[in-house]
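Chemist: Residue numbers (our numbering), protein chains in the order written: chain V, 3 to 526; chain P, 102 to 300.
Ideal Cβ placement from N, Cα and C applies to all residues, glycine included.
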Amino acid sequence: MPKQEFDVLIVGSGHSGGMAAQVLTQKGISCLMLDAGPEVNLATNRVSKNPWELPYRGMNKPGRLPHVVQANEFNANQWVDEKEIPYTHDPASPYNWVRVRMLGGRSLFWGRQSFRMSDWEFKSLDKEGVGDNWPISHADLDPFYSKVEGIFRVSGRKEGKAHFPDGNFLDADYGPDSTTVKKITEIAQGRGYLVSKIRASNGRNGQASSVNLLLPEAMATGKLQIVPNAIVRELTVDKNTGKVNGANFLDRHSKQELHVKARVVVLAAGSLESVRLLMNSGLANSSGMLGRYIIDQLYGVQVVASVPEARGGSAAEGLMGGTALLPRFRNLQKGEKNNFSKGYGMMIASGGAAQPGFFADYGESLQKKLDFHSGACMTASIYGERLPRFENHVRINKLVKDAWGIPVLHAEVKDSANEHNMAKDAADTAEDMLKAAGWDILSKTDKFHPPGYSIHEVGGARMGDDPKKSVLNKWNQSHDVKNLFQVDGGCFVTCGWQNTTLTMMALAMRSAEYLAEQMKTGVI
Amino acid sequence: MQAIAAAPAVPALVTPALVTQQNMQAQTAPARPAGPLASGKRDAVGEPVARFFSATQLAALHRLCELLMPPMGGNPGAIEAGVPEFLDFHVGQSPADRQQMYRSGLELLNSRSAAKFGKAFAALDATQADAIIRPLLVLVPWQFELPKEPGARFMAAAHDDIRVATRNSREWTQAAIAAGRRPVGAQLYFFPVDPVYKG
Chain V
3 MPKQEFDVLI VGSGHSGGMA AQVLTQKGIS CLMLDAGPEV NLATNRVSKN PWELPYRGMN
63 KPGRLPHVVQ ANEFNANQWV DEKEIPYTHD PASPYNWVRV RMLGGRSLFW GRQSFRMSDW
123 EFKSLDKEGV GDNWPISHAD LDPFYSKVEG IFRVSGRKEG KAHFPDGNFL DADYGPDSTT
183 VKKITEIAQG RGYLVSKIRA SNGRNGQASS VNLLLPEAMA TGKLQIVPNA IVRELTVDKN
243 TGKVNGANFL DRHSKQELHV KARVVVLAAG SLESVRLLMN SGLANSSGML GRYIIDQLYG
303 VQVVASVPEA RGGSAAEGLM GGTALLPRFR NLQKGEKNNF SKGYGMMIAS GGAAQPGFFA
363 DYGESLQKKL DFHSGACMTA SIYGERLPRF ENHVRINKLV KDAWGIPVLH AEVKDSANEH
423 NMAKDAADTA EDMLKAAGWD ILSKTDKFHP PGYSIHEVGG ARMGDDPKKS VLNKWNQSHD
483 VKNLFQVDGG CFVTCGWQNT TLTMMALAMR SAEYLAEQMK TGVI
Chain P
102 MQAIAAAPAV PALVTPALVT QQNMQAQTAP ARPAGPLASG KRDAVGEPVA RFFSATQLAA
162 LHRLCELLMP PMGGNPGAIE AGVPEFLDFH VGQSPADRQQ MYRSGLELLN SRSAAKFGKA
222 FAALDATQAD AIIRPLLVLV PWQFELPKEP GARFMAAAHD DIRVATRNSR EWTQAAIAAG
282 RRPVGAQLYF FPVDPVYKG
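(1) Give the straight-line distance between the Cα atoms of Pro-242/P and Gly-462/V, rounded to the nearest whole angstrom.
(2) Which residues bound the alpha helix (DSSP H) around Ser-18/V?
(3) So who's on the other strand from Thr-505/V, going by DSSP bridges?
(4) Listing by chain order, which chain P residues have their CB less than 7 Å from the CB of Ala-210/V?
(5) Return the first residue and the last residue of the beta strand (DSSP E) that Val-246/V is part of.
(6) When you compare only the Cα positions, how much space is there between Tyr-203/P and Val-192/P?
(7) From the beta carbon of Met-511/V, is the nearest beta carbon of chain P less than 8 Å away?
(8) Between Asp-144/P and Arg-271/P, what straight-line distance do the alpha-carbon atoms span, to the nearest angstrom?
(9) Which residues in the same chain have their Cβ closer than 7 Å to the Cβ of Leu-436/V, if we skip the five residues on either side of it in sequence?
(10) Using a Cβ-Cβ distance cut-off of 8 Å, determine whether Gly-141/P contacts chain V.
(11) Closest to Ser-50/V by C-alpha separation, out of Val-239/P, Glu-148/P and Phe-292/P, would be which residue?
(12) Pairs of beta-carbons, one from the stretch 283-291 of chain V and one from the stretch 412-428 of chain V, closer than 8 Å: are there three or more?
(13) Looking at chain P, which residues of the stretch 231-243 of chain V have a Cβ within less than 8 Å of any of its Cβ atoms?
(14) Quickly, what does DSSP pair His-395/V with across the bridge? List them, please.
(15) Can you list, in chain order, the residues of its chain whose CB lies under 7 Å from that of Pro-96/V, leaving out five sequence neighbours each side?
(16) How big is the Cα-Cα spacing for Ser-212/V and Phe-111/V?
(17) Run through chain P and tell me which residues come within less than 8 Å of Val-49/V, C-beta to C-beta.
(18) For Asp-363/V and Gly-454/V, what's the separation of their Cα atoms in angstroms?
(19) If you compare alpha carbons, which of Glu-75/V, Ser-180/V, Lys-336/V and Lys-446/V is closest to Ile-384/V?
(20) Using CA atoms only, rank isn't needed, just tell me which of Gln-258/V, Gly-293/V and Ser-256/V is closest to Gly-272/V.
(21) I need the DSSP call for Arg-313/V, collapsed to helix, strand or coil.
(22) From Pro-131/P to Ala-139/P, what does the alpha carbon distance come to, in whole angstroms?
(23) What three-state label does DSSP hand Phe-166/V in the structure shown?
(24) I believe Ala-351/V touches His-375/V by the beta-carbon criterion, under 8 Å. Please report the beta-carbon distance rounded to the nearest angstrom.
(25) Might you give, ordered along the chain, the residues of its own chain that have their beta carbon closer than 7 Å to the beta carbon of His-395/V, omitting 5 neighbours on each side?
(26) Please decide whether Pro-117/P counts as near chain V, where near means a Cβ-Cβ distance under 8 Å.
(27) Alpha carbon to alpha carbon, what distance is there between Val-402/V and Val-410/V?
(28) Trp-136/V and Phe-146/V: beta carbons closer than 8 Å?
(29) With distances taken Cα to Cα, identify the nearest neighbour of Lys-522/V among Asn-250/V, Arg-265/V, Thr-46/V and Arg-332/V.
(30) Is the CB of Gln-357/V under 8 Å away from at least one CB in chain P?
(31) Residues of the stretch 195-223 of chain P with a CB closer than 7 Å to any CB of chain V: list them in chain order, please.
(32) Anything in chain P within Cβ reach of His-451/V, meaning under 8 Å, just list it in chain order.
(33) Interface residues of chain P around Glu-86/V at Cβ under 9 Å?
(34) Please tell me whether Asp-189/P has its Cβ less than 8 Å away from any Cβ of chain B.
(35) Buried or exposed for Glu-167/P, going by 16 or more other Cβ atoms inside 10 Å?
(36) Which residues of chain P have a Cβ atom closer than 9 Å to the Cβ of Asn-52/V, listed in chain order?
This is the structure we're talking about:
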């Protein structure tokens, strides 16, 4: 019996796929969503436990998730099993690909920081001579950012700065700044740096995921079917037209292969997973750019200082607590000279604890030091922007296959002097500011995690006006295959210092509205 | 529920005699407790059996645990928390490089102790042991990168493991509760997700 042909097949159910589904179904377009993982009820799938109740005392099964630094024994089951779905890299160039396979994807677990990108990122080449420009600007994305901010109930403080664009914010009650936050704010402002506050998605009922904010709206239209445990092996193509006409997918449990028909395919499986699917399908790569320019953000640099007046539990009320966010402040001024391009944001948190490694000591003597500095620490950490580079890429490794027989990715992504110089500048700058406040440095490091760690991997199918230099056009539409879209982070041309999710959702919404219009007018 | 209600009855398979017997059992059997039947905890009933380290390595690890994490502030120390035996298990389950780091590190403690004091690390008093431990302790400003020098690398890793395993122990939680302090460390545990059918 011939099966239904859907208007649109959406692969992936996270923030991007959920946004595409919501927009398209609300415009009357029938959608099928395939997700590689099961539907999980977070309310019943989690239970509070003490570490000693777990087999490994909370210290995790050794070697279980070598690339997921964020994993511990409590959350290990939420991440993709690296043995089941491996990827490869040169041991000398580690890449941390952190994945989730369940309905809602990583939207179930994200940190909710919600910053817009600015034209310092969208027009990087024009403004700084670095990388390439996106084919769109902040002005193009502004109305979509506003709508997404409304859906996700983003709170924030408006600053009126072009490099840190304001949005459609709920009023945020940050409370009064502590004395230490006021002090570091004065020092940073004295150097000409903007000091702001975290902007975050509040969501609803404790969640800000695709599963509670996007997919229910789409389901309510009656136009969306969601099939879990459906692992897409490859997209299929009409040989007469060259257009995609559906996909072959495998049942996660039985591995039975099935084919589904659709007029349009929208990929939203995550930047690298979508690229892997395109590569395994032999599609959308006439430019040779598919899999190129893999980027993410640089995390790990940290400087910790101790506030003398707060040591030994002596902090007066209002001295400690709260945070200061310094949006990117480097290389924004013409003529500014640094030994690196682009920049980094910085978070300074008041009231933390020292770590044992800060002292070459042990036993009671160490514990006294830890107790002495407990609650008295100021911790500076950064969100650094890595540069997009052609040579940083992923490709198919045909020698290795996942549990469903699908060839895996090989990642070849390396840092350069730019990242190392940026990290050193960030550590030096943080140390300098903390010292200027009269606080004692306990620890300083300019080390940082390997690429991928931030879980903000983007690029690999970058957008552009020139089909010879880009995979997607400014509408997230394949240059090569007009009824094929990729609406996750694959389209990013630069990654910025900002958390990427808000921008991904705004782009997905914009692309889906365009697609709906094209389908309505019969262009697609 | 609907499936059960719709299932066809099979009265012919249940003889009157069996029904009577079952009813009698039901009347005489004690009521099932409200909670789970299997509520015992492994750590509460069993002593861990060390299998991985040699006797001299394990003795050195015991002494190291005593010194690095003694009982403090009403909390149990690493020995009371069974950390040496736990680490014997945990390291024994680990990739080869971690196993080698531990074995070499414990042997290093013993060889330096023998060279300096003519006895094993486990037999050193606190002052003597301090002379072995101190040179191996270095600052670790970034917890994600251990020192490169093998001895310092072992000491940093073991120190961290001993502290975490102690604080994460059942004994630590019990001491906190007994002292009226809020136990730390409880988190939401994520159950395995609909595992792939292996056949």
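Modeler: Reading off the structure:
(1) Position 141 of the second sequence, counting from 1, holds the residue named residue 242/P. Position 460 of the first sequence, counting from 1, holds the residue named residue 462/V. The straight-line gap from Cα to Cα measures roughly 34 Å.
(2) Along the first sequence, read from residue 1 onward, the residue named residue 18/V stands at position 16. It spans 17-28 - the alpha helix (DSSP H) in which Ser-18/V sits, taken as one unbroken run.
(3) Numbered from 1 along the first sequence, position 503 holds the residue referred to as residue 505/V. Bridge partners of Thr-505/V: none, in fact.
(4) Sequence index remark: in the first sequence, residue 210/V carries index 208 (1-based). Chain-ordered listing is empty here: chain P has no CB closer than 7 Å to the CB of Ala-210/V, the nearest sitting near 17 Å.
(5) Within the first sequence, the letter at position 244 stands for residue 246/V. It spans 246-253 - the beta strand (DSSP E) in which Val-246/V sits, taken as one unbroken run.
(6) The residue you call residue 203/P lines up with position 102 of the second sequence. The residue you call residue 192/P lines up with position 91 of the second sequence. Computed Cα separation, rounded: 8 Å.
(7) Numbered from 1 along the first sequence, position 509 holds the residue referred to as residue 511/V. By this cut-off, Met-511/V is not an interface position.
(8) Numbered from its first residue, the second sequence carries residue 144/P at position 43. Numbered from its first residue, the second sequence carries residue 271/P at position 170. Rounded to whole angstroms, Asp-144/P to Arg-271/P spans 8 Å at the Cα level.
(9) Start at 1 with the first residue of the first sequence, and residue 436/V comes out as number 434. Short of 7 Å from the beta carbon of Leu-436/V, and not among the five residues preceding or following it, lie these beta carbons of its own chain, in chain order: Val-305, Ala-307, Met-380, Ala-382 and Ile-443.
(10) Indexing the second sequence from 1 puts residue 141/P at position 40. Not closer than 8 Å to any Cβ of chain V, the Cβ of Gly-141/P fails to qualify, so no.
(11) Working through the first sequence from its first residue, we reach residue 50/V at position 48. With distances taken between Cα atoms, Ser-50/V lies closest to Phe-292/P.
(12) Put simply, the stretch 283-291 of chain V does not touch the stretch 412-428 of chain V. Fewer than three CB pairs are less than 8 Å apart.
(13) The stretch 231-243 of chain V vs chain P, Cβ under 8 Å: Asn-231.
(14) Mapped onto the first sequence, residue 395/V falls at position 393. His-395/V pairs with Glu-414/V.
(15) Against the first sequence, residue 96/V aligns to sequence position 94. Contacts found: Pro-452.
(16) The count along the first sequence starts at 1 and reaches residue 212/V at position 210. The count along the first sequence starts at 1 and reaches residue 111/V at position 109. Across the structure, Ser-212/V and Phe-111/V are spaced so that their CA atoms are roughly 11 Å apart.
(17) Taking the first residue of the first sequence as 1, we reach residue 49/V at position 47. Residues of chain P whose Cβ lies closer than 8 Å to the Cβ of Val-49/V are, in chain order, Leu-289, Tyr-290 and Phe-292.
(18) Within the first sequence, numbered from 1, the residue matching residue 363/V stands at position 361. Within the first sequence, numbered from 1, the residue matching residue 454/V stands at position 452. Straight-line Cα distance between these residues: approximately 33 Å.
(19) Along the first sequence, one-based indexing puts residue 384/V at 382. Out of Glu-75/V, Ser-180/V, Lys-336/V and Lys-446/V, Lys-446/V has the C-alpha closest to the C-alpha of Ile-384/V.
(20) Numbered from its first residue, the first sequence carries residue 272/V at position 270. From the listed residues Gln-258/V, Gly-293/V and Ser-256/V, the smallest Cα separation to Gly-272/V is found for Gly-293/V.
(21) The residue labelled residue 313/V in the question sits at position 311 within the first sequence. In the three-state reduction of the DSSP assignment, Arg-313/V falls in the helix class.
(22) Here residue 131/P refers to the residue found at position 30 of the second sequence. Here residue 139/P refers to the residue found at position 38 of the second sequence. Take the alpha-carbon of Pro-131/P and the one of Ala-139/P: they are about 17 Å apart.
(23) Here residue 166/V is taken as the residue at index 164 of the first sequence, counted from 1. In the structure shown, Phe-166/V sits in a strand (DSSP, three-state: E or B).
(24) On the first sequence, position 349 is the one that residue 351/V refers to. On the first sequence, position 373 is the one that residue 375/V refers to. Not a contact, Cβ separation roughly 14 Å.
(25) The residue given as residue 395/V occupies position 393 in the first sequence. Answer for His-395/V: Gly-293, Arg-294, Ile-296 and Glu-414, listed in chain order.
(26) Along the second sequence, read from residue 1 onward, the residue named residue 117/P stands at position 16. No answer about Pro-117/P holds up, because its pLDDT of 44 lies below 50 and its placement is not dependable.
(27) Position 408 of the first sequence, counted from the start, is the residue given in the question as residue 410/V. Position 400 of the first sequence, counted from the start, is the residue given in the question as residue 402/V. Separation of Val-410/V and Val-402/V (C-alpha to C-alpha, rounded to the nearest whole angstrom) is 6 Å.
(28) For the purposes of this step, residue 136/V is identified with residue 134 of the first sequence, where counting begins at 1. For the purposes of this step, residue 146/V is identified with residue 144 of the first sequence, where counting begins at 1. The answer is no: Cβ separation not under 8 Å.
(29) Position 520 of the first sequence holds residue 522/V. When C-alpha distances from Lys-522/V are compared across Asn-250/V, Arg-265/V, Thr-46/V and Arg-332/V, the shortest belongs to Arg-265/V.
(30) Counting from one through the first sequence, the residue named residue 357/V turns up at place 355. It does: the Cβ of Gln-357/V has a partner Cβ on chain P nearer than 8 Å.
(31) Residues of the stretch 195-223 of chain P with a Cβ closer than 7 Å to any Cβ of chain V, in chain order: Ser-195, Pro-196 and Arg-199.
(32) Looking up residue 451/V in the first sequence gives position 449. Contacts between His-451/V and chain P, judged by CB atoms closer than 8 Å, involve Phe-245 in chain order.
(33) Looking up residue 86/V in the first sequence gives position 84. When 9 Å is used as the limit between beta carbons, Glu-86/V is near these residues of chain P: Val-297, in chain order.
(34) Annotation note: the requested chain B is absent from the structure, which comprises protein chains V and P.
(35) As a working mapping, residue 167/P is identified with position 66 in the second sequence. Counting the other CB atoms within 10 Å of its CB gives Glu-167/P a total of 16 or more, which places it among the buried residues.
(36) In the first sequence, residue 52/V corresponds to position 50, counting from 1. Here the neighbours are Asn-269, Arg-271, Thr-274, Pro-284, Gly-286, Ala-287 and Gln-288.
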